[in-house]
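See below for the structure under consideration.
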């Protein structure tokens, strides 16, 4: 019985454990709270105050367009009004997409609308407004923040969202951007037409030069030789030669008849013989002009050969010119049948309420990132503390 009592007493004493002391606020806890206030609550509070008290309202105007290309396949389709409309080429749309975000676009619109003055209107909003004295590089970066470009490569559609601190400014910037984009497409079309017709125009220019040279050589030949058309002269000379040969034959026949009926000393016989001699001399002289007479010169035949060579050159130059002219006209017609233009499916809208800055979203993002940064720093601190 005594042992049982002692055991019971020991059990009662063992069950009476000491109470756990209350947790005390230590320095590390105070540092943790202070860091939370400093890293999370203070930035969120300052950001909320700035967003709702200082940040200026921003209005967004939207515009949508695409690059289209019209192609007319044949004159029959042209007469029938069956122009084929094709979608925008990827190259043209990509060029336009990059151009909208380029420094050239910013400079063009700045020269028209004074972007520096437009985007520096809020006096009490240094974060979202633009410093008017900043260099062009900063203006381009600010432009890319205020003008959002959405490009669907599958459909070739480009959407713009243009922001400004006043409704009218947003609409004007959107309209001017659309105008400059249209001018850019016109320049691309002009370059494409120039490229497609450059070779044909070069060939035409060369053909014109060859034709002018051939005509000048032929004209110079005619002036120097005092001959308009040697071939016509040849025909005249051949007719003359034929006529003289006929006269010679007639005179010889007449002489033979006269010798049969008269004596040798008759004056008519001597006259006919003199006539025959003169005709023969003239025939020989005319033959020498053609280069077919004994020791006669070759001048006339050489002139004929030179004239024929120049005529062949002129004919070849004329044929080349007509061919080049046809090719040039065909190239121009094909270039005109492939015209690019900017198709606007959404004209610049006029906003009625301010959509930006999106204060609640920005405040939520600031809160989230501030909390994540504070949590990361806290984990790093305790990790280092546990290892030391």
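Residue numbers (the numbering used here): 3 to 390.
Glycine is no exception: its CB is placed at the ideal position from the N, C-alpha and C atoms.
As the structure is a computational prediction, the values presented were derived from the model and not from experiment.
Residue i, DSSP secondary structure in three states
i: residue 60; result: strand
i: residue 221; result: helix
i: residue 156; result: coil
i: residue 67; result: strand
i: residue 342; result: strand
i: residue 358; result: strand
Residue range of the beta strand (DSSP E) that includes residue i
i: residue 159; result: 159 to 166
Within 8 Å, strictly: CB atoms of residue i and residue j
i: residue 326; j: residue 209; result: yes
i: residue 93; j: residue 186; result: no
i: residue 102; j: residue 179; result: yes
i: residue 166; j: residue 350; result: no
i: residue 56; j: residue 169; result: no
i: residue 134; j: residue 118; result: yes
i: residue 182; j: residue 111; result: yes
i: residue 149; j: residue 141; result: no
i: residue 333; j: residue 191; result: no
i: residue 361; j: residue 34; result: no
i: residue 376; j: residue 36; result: no
i: residue 220; j: residue 330; result: no
Candidates the options, of which the one nearest residue i by Cα
i: residue 322; options: 374, 263, 216; result: 216
i: residue 159; options: 180, 67, 250; result: 67
i: residue 355; options: 46, 39, 50, 59; result: 59
i: residue 121; options: 132, 244, 139; result: 132
i: residue 64; options: 171, 192, 56; result: 171
i: residue 194; options: 51, 71, 358; result: 71
i: residue 275; options: 287, 257, 50, 152; result: 257
i: residue 308; options: 346, 364, 243, 224; result: 224
i: residue 126; options: 51, 263, 44, 220; result: 51
i: residue 2; options: 214, 39, 69, 154; result: This structure does not reach residue 2, given that the chain is present from 3 up to 390, and the question cannot be answered.
i: residue 47; options: 286, 268, 372, 61; result: 372
i: residue 45; options: 370, 311, 226; result: 370
i: residue 341; options: 69, 279, 43; result: 69
i: residue 253; options: 357, 278, 378, 287; result: 278
i: residue 359; options: 95, 32, 155, 129; result: 129
i: residue 184; options: 43, 388, 255, 107; result: 107
Alpha helix (DSSP H) segment containing residue i, residue limits
i: residue 113; result: 105 to 115
i: residue 44; result: 44 to 55
i: residue 139; result: 138 to 148
i: residue 372; result: 361 to 389
Backbone CA spacing between residue i and residue j [nearest angstrom]
i: residue 260; j: residue 246; result: 20 Å
i: residue 83; j: residue 143; result: Here the model assigns residue 83 a pLDDT of 43, short of 50, so the residue's position is not dependable, and the following value carries that caveat. Taking the straight line from one Cα to the other gives about 46 Å.
i: residue 318; j: residue 200; result: 23 Å
i: residue 296; j: residue 212; result: Low local confidence applies: a pLDDT of 43 at residue 296 is under 50, so the model's placement there is unreliable, and no value is given.
i: residue 374; j: residue 368; result: 10 Å
i: residue 249; j: residue 304; result: 29 Å
i: residue 270; j: residue 306; result: 42 Å
i: residue 273; j: residue 251; result: 15 Å
i: residue 49; j: residue 188; result: 46 Å
i: residue 104; j: residue 138; result: 11 Å
i: residue 380; j: residue 114; result: 53 Å
i: residue 348; j: residue 109; result: 25 Å
i: residue 262; j: residue 241; result: 32 Å
i: residue 116; j: residue 363; result: 31 Å
i: residue 335; j: residue 328; result: 11 Å
i: residue 343; j: residue 95; result: 11 Å
Interface flag, residue i vs chain B, CB-CB below 8 Å
i: residue 359; result: Absent from the structure is chain B; it holds one protein chain and no more.
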